[in-house]
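Residue numbers are given in the numbering used here: position 225 of the sequence shown equals residue 520, and the series is strictly consecutive.
Here a beta-carbon is modelled for each residue, glycine too, at the ideal position from N, C-alpha and C.
Remember, it's a predicted structure, so these values are computed and weren't measured experimentally.
Below is one structure; the comments refer to it alone.
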Amino acid sequence: MTHLGYYLRRTFRGFRNEWTTNLATVLTLSVAFVLVGALATVAVSLGAQVERWGGADQYQVTAYLAPDASPADADRLRAALDGMDEVRAVRFVPGAEARRRLVETFPEESSAWNALDDSFFPGYVEIGLDPAVADEEHYRTLVARLGKLGIVQDVETHGDWYASVLGIHRAARVLAIALGSLAVFATVFVVSHTIRLNFYRRRRQVEVLRMCGATPWFVRIPYLLEGLVGALFAAVIALGAITLFVEAVRDRLVDVAPVLGRSPVEHLPPTAWLAFLGIAALIGLSGSWMSVRKALRS
């Protein structure tokens, strides 16, 4: 602790004296972190969509009832569906609740929803198939049978949408992991090169310290802190840029693709932030350690 003030002064003095090199390094790291963070954001957002559209129960069907369908017809349909082994859950949503859901989902359009006639909001039945029992054949058979019923006006399926989103989600996760691994190696090299360059520029100072009896750790710590602070600063810049981007595009995506819901793009969770900062810290320390260790041996 007695040397902490000295270490910090040396660290920030090094940033100030070599500000062009350090700035270029921070910006380079920020770009790499933004790319990885953007892919992670896409993966998290698609994961939220997967959960929203059914999670493990990907076979979901919505049967919109005809305007002349009576509550008794809806009850008979629900009872028939409940008796099927492959059906996991059945829920009847009356027209009034359908209107309320739209108002809650899109409150800025509430006046327009409330002005529409009740006939614009037919009741519907939400049907979820049990993935442990149902398969693609059960799913398509049920859709075909519902479409032939006179009390059913339209049938909406989510299976194809879910499969597409799930495929993109898996691809985004694989790409994020692959790019993240590549970025770790690349950024460690960038930090190592920068710290080594800064070390050789101050080599005379290091030689004086070693002549005065300074231990290797006493010489090494300011450079380790320099790499650590630079990497963390770059990570903070990247996380801030990603957060601003999510806020900027979220409302626009709601207008363009309302089917995605009110949160088509999700912020990275706090655990991802901590992991991001932790990995950045390891990158800064690892790159600095490798360069200073090699330089002190020469």
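Query raised in the report: Is Ala361 helix, strand or coil by DSSP?
Result: Ala361: coil per DSSP, three-state reduction.
**Report entry** Three CB pairs or more closer than 8 angstroms across the segment 568 to 580 and the segment 468 to 487
**Finding:** Yes, they touch.
Report task. Report the rounded CA-to-CA distance for Val524 versus Gln500, giving the unit in angstroms. Result -> The C-alpha of Val524 lies about 21 angstroms from the C-alpha of Gln500.
Report task. With a threshold of 16 other CB atoms inside 10 Å of the CB of Asn317, please say whether the residue is buried or exposed. Result -> With a 10 Å radius around the Cβ and a threshold of 16 neighbouring Cβ atoms, Asn317 comes out buried.
Query raised in the report: Looking at the structure shown, is Arg386 part of a helix, part of a strand, or coil, going by DSSP?
Result: DSSP places Arg386 within a strand segment (E or B) once states are collapsed to three.
**Report entry** Cβ-based neighbour list, Leu330, same chain, cut-off 8 angstroms, excluding 5 preceding and 5 following
**Finding:** Closer than 8 angstroms at the Cβ level, and outside the excluded window around Leu330, lie Leu474 and Ala478.
Query raised in the report: How would you label Ala471, buried or exposed, when you count the other beta carbons within 10 angstroms and need 16 or more for buried?
Result: Within 10 angstroms of the beta-carbon of Ala471 lie 16 or more other beta-carbons, which makes it buried.
Query raised in the report: Where Val531 and Ala327 are concerned, what is the direct C-alpha to C-alpha distance, given to the nearest angstrom?
Result: In a straight line, the C-alpha of Val531 is about 12 angstroms away from that of Ala327.
Requested in this report: Kindly indicate which residue of Asn312, Lys589 and Val469 has the alpha-carbon position closest to the one of Arg491.
Outcome: It is Lys589 whose Cα lies nearest to the Cα of Arg491.
**Report entry** Nearest residue (CA-CA) to Asn409, options Val420, Glu421, Ala391 and Gly423
**Finding:** Nearest option by C-alpha distance: Ala391.
Query raised in the report: Exposed or buried, what is Leu534 when buried is set at 16 or more other beta-carbons lying within 10 Å of its beta-carbon?
Result: Buried, by the Cβ-count rule.
Requested in this report: Specify, as a first and last residue, the run of the alpha helix (DSSP H) that Asp449 falls within.
Outcome: Counting along the chain, Asp449 falls outside any alpha helix (DSSP H), though it belongs to the beta strand (DSSP E) covering Val447 to Thr452.
Requested in this report: Just the C-alpha distance for Thr264 and Phe528, rounded to the nearest angstrom, thanks.
Outcome: Residue 264 is absent from the model: the chain starts at 296 and stops at 593.
Query - DSSP beta-bridge partners of Ile422 - result: DSSP output for Ile422 lists Val356 and Val385 as bridge partner(s).
Query raised in the report: Buried or exposed: which applies to Glu521, given that a residue is buried once 16 or more other Cβ atoms fall within 10 Å of its Cβ?
Result: So Glu521 counts as buried.
**Report entry** Straight-line gap, Trp568 to Phe494 (C-alpha atoms, nearest Å)
**Finding:** So the alpha carbons of these two residues sit roughly 31 angstroms apart.
Query - Pick from Ala526, Ser586 and Val560 that is closest to Phe571, judged by C-alpha positions - result: Checking every option, the nearest Cα to that of Phe571 belongs to Ala526.
Requested in this report: Specify the secondary structure class of Val554 as computed by DSSP and reduced to three states.
Outcome: Bear in mind that a pLDDT of 49 at Val554, under 50, signals an unreliable position, so the number given afterwards is only what the model happens to contain. In the structure shown, Val554 sits in a helix (DSSP, three-state: H, G or I).
Report task. Determine the DSSP secondary structure at Asp380, reduced to helix, strand or coil. Result -> Coil.
Report task. Report buried or exposed for Gly573, applying the criterion of at least 16 other Cβ atoms within 10 angstroms of its Cβ. Result -> Gly573 comes out exposed.
Query raised in the report: Hey, Leu372 and Ile422: beta-carbon distance below 7 angstroms or not?
Result: Contact: no.
Query raised in the report: With 16 other CB atoms within 10 Å as the buried threshold, where does Leu322 fall?
Result: Leu322 comes out exposed.
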